[in-house]
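Novice: My structure is below; once you've seen it, I'll send some questions.
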Amino acid sequence: MLRYLLSRLMTFLPTFFGVTLISFSFIRLLPGDPIVVMAGERGVSPERYQELVRQFGFDQPIWKQYLDYLGGVIQGDLGQSFVTKKPVWDEFFALFPATLELSICAMVFAVLLGLPAGVIAAVNRGKLFDRALMSSALVGYSMPIFWWALLLIIVFSGWLGWTPVSGRISLMYYFENPTGFMLWDALMSGQKGALGSAIQHLILPTIVLGTIPLAVIARQTRSAMLEVLSEDYIRTARAKGLSPLRINGLHALRNALIPVITVIGLMVGTLLAGAILTETIFSWPGIGKWMVDSIFRRDYPVVQGGLLLIAVMVMIVNLTVDVLYGLINPKIRKR
Amino acid sequence: MALLEIRNLSVDFATSSGQFRAVDSVDVTVDKGDILAIVGESGSGKSVSMLAMMGLLPWTATVTADAMLFDGQDLRALSPRQRRRIIGKDMAMIFQEPISSLNPCFTVGFQIKEALRIHLGLDSRARHRRAVELFEMVGIPAPEERLKAYPHQLSGGMNQRVMIAMAIACNPKLLIADEPTTALDVTIQAQILDLLTGLQRDTGMALILITHDMGVVAETARRVQVQYAGQKVEEQPVIDLFERPHHPYTAALLAALPERATSKHLPTIPGVVPGQFDRPQGCLFSPRCQFADERCRTVAPLPQGPQAGLARCHYPLNLSAEAEA
Ligand SMILES: Nc1ncnc2c1ncn2[C@@H]1O[C@H](COP(=O)(O)OP(=O)(O)OP(=O)(O)O)[C@@H](O)[C@H]1O
Ligand SMILES: [Mg+2]
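The following block contains the structure:
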């Protein structure tokens, strides 16, 4: 297992350098002089221009710029926001819990519904449930996120008035936010109704963000299950007189999980992309909204740093997925 | 009373090109402690008839039979839940491909203990003790360590031993071994067959051995039933069958045995078993039979009497003088 982990880590390193290279090039590949672009309509005085050139190191040779940048990144220095003057790193970690909370909820929503739905569809292949599920999965997968979000808002917030439209918790509640995870903080605050309010605020964003993963997971689970169900060892399990629940839910699903976990891992990238839209629509103060706001504010250090951090996040998730494979199917560890 | 009695079993598959009869009015009778071999070429419906009995066929299969009795119970009348209490316990089956027949995600110990828990309700200590004991019975060295192994860490022969241990875990009354050695090396084949016959002798269970190897039949079985294209074409005690085969197909199978070859070249049976689309009109074997005449090609033969080994043939071979009379 340790060998397997190390070999996975070895593939992590080149990817990491690739990502730093991309985020490094980002600011330099923008059309025009980056400093002029950043300054935008306000313009920039010649003295300030020179100062910025030095600050960014644009007067240095390009390889030196990259090495300096890389050195900074490794020491955790991602530069400062133009707007708030706070380190990008600090801003990211202040907002990241909000995105993480939403993403986890969306993923849990997608997995909790998608896995059983896929299993039931595969077991009842060709029957009504299967066909209904597969058609809705197709719709769910191809639906534009913002349209779906607006539809839900109109129905549940507008007509029915069940759920709030924006934010993470009602303004009635105020408390220190020590972990940044609203559900947890609301629970710990001890204020009556705080947790309920936090949950209410989470429902619509979770559904919106979780819909595509839900559709993908349900479809992948179904097709993986169909493949596994025709395997010899399933016949053996049936020949042992095991119950259908045990055969489908344990013997088959455990094998079907490997391709499913792969797509769950791949979904994380999609999820972060979806988070950008979802957070913007629901005014959810996470890194998705932060990135969008920074782009509009031309806060390039933030965009650059955020990009790198998001990429690293996705890589860490993929690494975790690789390790999970090894745990689920010991045969993979050997390779 | 026989342990297993199946009369007139037929299995039809719904395929995209219509109904296909894979098993055609087959009778199977097995007494307690008996060893029956079922032989026949690939596609003769050996596996399908046994899977039908175990209730393991996919939903595309339609199973009909006049009688399906196991240990006094009518298998046709069982609910799925009742059937699950019998299969894996009193009636167990092992398969051709040992490695793919075991779940790659679980240790072999988990897979064997699972059966013990579900059918016998043993607690975890007792399960472990019994699993070790079973591994010793099937000749797996260092059972304590092997229980923790995954199927891919064991050889094909070892995996088949695990399968056998799993099948006999609950002391079945009948074990069905579907070509248990086909996928294994020749040396391992003999070991596994010895193991199976040894276990049969020690436990007194009945054994149905499916094979297409007449050599295996001679060494292990007491009775033989020959199947061809879904039909049972002959049934005899093993010694009689080898001495006096009545169906031309049986005779051809025996002639193909290396030790029986009379010339330098091994005789083979020309042609293949008819499938869904090329079923002949009369006797199913007639296109490949050296004795076939016009009657064989037009009229399907019914089984002869016991003196002719129940041969499905108009002109059974090797009839003794009094039977001829
Ligand atoms: N699920 C199925 N659907 C349709 N036809 C099937 C199915 N399973 C088996 N058959 C057909 O039934 C016939 C008998 O198959 P069976 O597996 O019983 O042969 P066999 O005698 O066991 O041969 P082998 O020696 O290759 O194992 C074959 O023609 C096969 O194609
Ligand atoms: Mg077979």
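The listed protein sequences derive, respectively, from chains D and P. Note that UniProt numbering has the first sequence beginning at 1, numbered continuously upward. Note that UniProt numbering has the second sequence beginning at 1, numbered continuously upward. Note that CB positions come from ideal geometry on N, CA and C, so glycine has one too. Computed from a predicted structure; not experimentally measured.
1. Of the residues that make up the segment 226-242 of chain D, which ones have a beta carbon closer than 9 Å to any beta carbon in chain P?
2. Candidates D:149, D:193, D:15 and D:61: which alpha carbon is nearest residue 313 of chain D's?
3. Is residue 297 of chain D helix, strand or coil by DSSP?
4. Against chain P, does residue 259 of chain D count as a neighbour if the rule is that its beta carbon must be under 8 Å from one of theirs?
5. May I have the straight-line CA-CA distance separating residue 335 of chain D from residue 179 of chain P, to the nearest angstrom?
6. Closer than 6 Å by C-beta to residue 162 of chain D: which residues in its own chain qualify, once you throw out the five before and the five after it? Chain order, please.
7. Check whether the Cβ atoms of residue 23 of chain D and residue 327 of chain D lie closer than 8 Å to each other.
8. Taking all protein chains shown into account, do 16 or more other C-beta atoms lie within 10 angstroms of the C-beta of residue 290 of chain P, making it buried, or fewer, making it exposed?
9. In the DSSP assignment, find the alpha helix (DSSP H) that holds residue 140 of chain D and state where it starts and stops.
10. Taking 8 Å as the CB-CB cut-off, is residue 124 of chain D touching chain P?
11. Could you check whether the Cβ of residue 248 of chain D sits closer than 8 Å to any Cβ belonging to chain P?
12. Any C-beta of chain P sitting closer than 8 Å to the C-beta of residue 254 of chain D?
13. When you compare the CB positions of residue 151 of chain P and residue 102 of chain P, do they come within less than 8 Å of one another, or not?
14. Could you give the residue range of the alpha helix (DSSP H) that holds residue 201 of chain P?
15. Leaving out five residues before and five after residue 325 of chain P in sequence, what residues of the same chain have Cβ atoms less than 6 Å from its Cβ?
16. Between the C-alpha atoms of residue 235 of chain D and residue 86 of chain P, what's the straight-line distance to the nearest angstrom?
17. Using a cut-off of 9 Å between C-beta atoms, extract the partners of residue 87 of chain P located in chain D.
18. Counting only beta-carbon atoms, is residue 120 of chain D nearer than 8 Å to chain P?
19. Skipping 5 residues on each side, what residues in its chain have a beta carbon closer than 6 Å to that of residue 117 of chain D?
20. How would the residue list near ligand 2 read, in chain order, if you kept each one whose beta-carbon is closer than 7 Å to any heavy atom?
21. Just the Cα atoms here: how many angstroms apart are residue 65 of chain P and residue 8 of chain P?
22. Under 7 Å Cβ-Cβ, which residues of chain P neighbour residue 264 of chain D?
23. Using a beta-carbon distance cut-off of less than 8 Å, what residues from the segment 161-191 of chain D approach chain P?
24. Give a single yes or no on whether residue 256 of chain P has its beta carbon closer than 7 Å to a heavy atom of ligand 1.
25. Could you give the C-beta distance for residue 303 of chain D and residue 268 of chain D, rounded to a whole number, given that I count them as a contact under 8 Å?
26. What did DSSP end up calling residue 386 of chain P once you bin it into helix, strand or coil?
27. Let's test the definition: count the other Cβ atoms within 10 Å of the Cβ of residue 176 of chain D and tell me whether it reaches 16, buried, or not, exposed.
28. When Cβ atoms are compared, which residues of the segment 102-130 of chain P fall closer than 9 Å to chain D?
29. Does DSSP put residue 192 of chain D in a helix, a strand or coil?
30. For residue 72 of chain P, collect the residues of the same chain with a Cβ closer than 8 Å to its Cβ; drop the 5 residues on either side in sequence, then sort them by chain order.
31. Leaving out five residues before and five after residue 82 of chain P in sequence, what residues of the same chain have Cβ atoms less than 6 Å from its Cβ?
32. Just checking my contact of residue 161 of chain P with residue 138 of chain P at CB under 8 Å: how many whole Å lie between their CB atoms?
33. Suppose contacts are defined by Cβ-Cβ distances below 8 Å. Is residue 309 of chain P in contact with residue 246 of chain P by that definition?
Specialist: On the basis of the coordinates in this document:
1. Those residues of the segment 226-242 of chain D placed with their C-beta closer than 9 Å to a C-beta in chain P are 230, 231, 232, 233, 234, 235, 236, 237, 238, 239, 240, 241 and 242, ordered along the chain.
2. In terms of Cα proximity to residue 313 of chain D, the closest of D:149, D:193, D:15 and D:61 is D:15.
3. Residue state, collapsed to three classes: coil.
4. Residue 259 of chain D does not count as touching chain P.
5. Residue confidence for residue 335 of chain D is low, a pLDDT of 46 falling below 50, so the modelled location carries little weight; the figure read from the coordinates is stated next. Roughly 31 Å separates the two Cα atoms.
6. Within the same chain, and ignoring the five residues on either side of residue 162 of chain D in sequence, the residues whose Cβ sits closer than 6 Å to its Cβ are 156.
7. Judged by their CB atoms, residue 23 of chain D and residue 327 of chain D are not nearer to each other than the 8 Å cut-off.
8. Note on residue 290 of chain P: under 16 other CB atoms within 10 angstroms of its CB, so exposed under the neighbour-count rule.
9. 128-142 is the span of the alpha helix (DSSP H), which, as asked, contains residue 140 of chain D.
10. Against chain P, the CB of residue 124 of chain D has no partner CB under 8 Å away; the residue lies outside that interface.
11. For residue 248 of chain D, the answer is no, since every Cβ of chain P falls outside 8 Å of its Cβ.
12. Output row for residue 254 of chain D: interface = yes.
13. It is a contact, given that the beta carbons lie within the stated cut-off.
14. Residue range 186-203 is occupied by the alpha helix (DSSP H) that includes residue 201 of chain P.
15. Its pLDDT being 49, under 50, residue 325 of chain P is placed unreliably in this model, and the coordinates cannot settle the point.
16. When rounded, the distance between both Cα atoms is 16 Å.
17. Near residue 87 of chain P (Cβ distances below 9 Å), the residues of chain D are 238, 239, 240 and 241.
18. Chain P, which has no Cβ nearer than 8 Å to the Cβ of residue 120 of chain D, makes this no.
19. If you ignore the 5 residues before and after residue 117 of chain D, its C-beta comes within less than 6 Å of the C-beta of 133 and 218, all in its own chain and listed in chain order.
20. Per the Cβ criterion, the list is P:46, P:47, P:96, P:178, P:179 and P:210.
21. Spanning the two alpha carbons is a distance of roughly 5 Å.
22. Under a criterion of Cβ atoms nearer than 7 Å, no residue of chain P is adjacent to residue 264 of chain D; the nearest Cβ is some 17 Å distant.
23. For the segment 161-191 of chain D, which is checked against every Cβ of chain P, not one residue is closer than 8 Å.
24. Residue 256 of chain P has its CB no nearer than 7 Å to any heavy atom of ligand 1.
25. Actually they are not in contact, since the Cβ atoms of residue 303 of chain D and residue 268 of chain D sit about 20 Å apart, beyond 8 Å.
26. Residue 386 of chain P is absent from the structure shown; chain P starts at 1 and stops at 325.
27. Its Cβ having fewer than 16 others within 10 Å, residue 176 of chain D is exposed.
28. Result list: 102, 103, 104, 105, 106, 107, 111, 114, 115, 118 and 119.
29. The three-state reading of DSSP puts residue 192 of chain D in coil, since its state is none of H, G, I, E or B.
30. Cβ neighbours of residue 72 of chain P beyond the five flanking positions: 1.
31. Excluding residues within five positions, none has a Cβ falling inside 6 Å.
32. Contact holds; Cβ gap of about 4 Å.
33. Cβ atoms of residue 309 of chain P and residue 246 of chain P: closer than 8 Å.
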